[in-house]
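J.:
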Amino acid sequence: MIIDSGNIDIIDYKSGRVVDEDGNLKLEYIVQLHLYAAMCVHLSLGNIRSLKLIDIEGQLFDIVYDEELSKALVKDVAERIVKLNNAINARQFEDLIKPDKDRCGYCSCRHICNYMIQSDELIYRTICGYVKRISSSNMYILQNGDITYYISGIGVYPIDDYYGYIGKKLVFINVIRTSSLANNYTYKVTENTLVYEL
Ligand code: SF4
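The sequence shown begins at -1 in the working numbering and counts up one residue at a time.
1) Going by other Cβ atoms of all chains shown within 10 Å of its Cβ, with 16 needed for buried, is K186 buried or exposed?
2) So the candidates are I110, L58, S3; which of them puts its Cα closest to the Cα of C126?
3) Could you check if C102 is buried or exposed, using at least 16 other CB atoms within 10 Å of its CB as the buried criterion?
4) The ligand SF4: which residues have Cβ under 5 Å from any of its heavy atoms, chain order?
5) Measure from the alpha carbon of Y183 to the alpha carbon of each residue in R131, I149, E92, R78, then state which is nearest.
6) Going by C-alpha distance, which of L179, M(-1), Q90, L67 is nearest G44?
7) Would you say the segment 155 to 174 touches the segment 127 to 139, given that touching needs at least three Cβ pairs under 8 Å?
8) CB-CB under 6 Å to L197, same chain, minus the five flanking residues each way: which ones, in chain order?
9) I'd like to know if R15 contacts chain D, where contact means its C-beta is closer than 8 Å to some C-beta of that chain.
10) CA-CA distance, Y194 and I46?
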């Protein structure tokens, strides 16, 4: 950002292409730079003189500054933050979430998300439930609603008190079916498995 005699030039260096397949500047970058401009205006840093993008090849692109667009975006962001805060306070996310079986399987929030759906095609699965029974130091039996999951391979973890987890809610990220013939309820941990207690 260059501040020059009360004027501001915002230049954003991008690590990729800034235009879409039709050669138009990507909308997300137009939005992003207008939000930067709104921050500068909010902080009374000066007048917005120019918004520019420089792509990975060093090519410069001008974005036409639209003050009304900037204001509208700020209003939109403010409304979304209020909506999000209300959802967090009420713990009601149904109107905001967008579960998608292709996306949920890789989402970094999946271990805490109650709305996750997973594709049957995925090799690595995320399994969540309350520990109902521990049949051996190698297997936990989890209950999630009407479904009972069997997770084997627990013996690789140095757990002092296996039975201390009975009744606890656990999430296993990146477990796999015990065999290609196994049903949808029998899994084993792998070297990529992460276990969370919720
Ligand atoms: S796991 Fe939850 S937060 Fe992540 S994409 Fe799916 S619904 Fe959204």
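Backbone N, C-alpha and C define an ideal beta-carbon position, used for all residues, glycine too.
Here the structure is a predicted model, which is why all the values come from computation and not from measurement.
T.: According to the structure shown:
1) As a working mapping, residue 186 is identified with position 188 in the sequence shown. With 16 or more Cβ atoms within 10 Å of its Cβ, K186 is classed as buried.
2) Here residue 126 refers to the residue found at position 128 of the sequence shown. Here the closest residue by C-alpha is I110.
3) Taking the first residue of the sequence shown as position 1, residue 102 is located at position 104. The residue is buried, with at least 16 neighbouring Cβ atoms inside 10 Å.
4) Here the residues come out as I95, P97, R101, C102, C105, C107, R108, C111, Y113, M114.
5) Against the sequence shown, residue 183 aligns to sequence position 185. With distances taken between Cα atoms, Y183 lies closest to I149.
6) The count along the sequence shown starts at 1 and reaches residue 44 at position 46. The candidate whose alpha carbon is nearest that of G44 is M(-1).
7) yes
8) Lying outside -1 to 196, the shown extent of the chain, residue 197 is not represented and no answer is given.
9) You won't find chain D in this structure, because it holds only one protein chain.
10) Within the sequence shown, the letter at position 196 stands for residue 194. Within the sequence shown, the letter at position 48 stands for residue 46. Going from the Cα of Y194 to the Cα of I46 covers about 47 Å.
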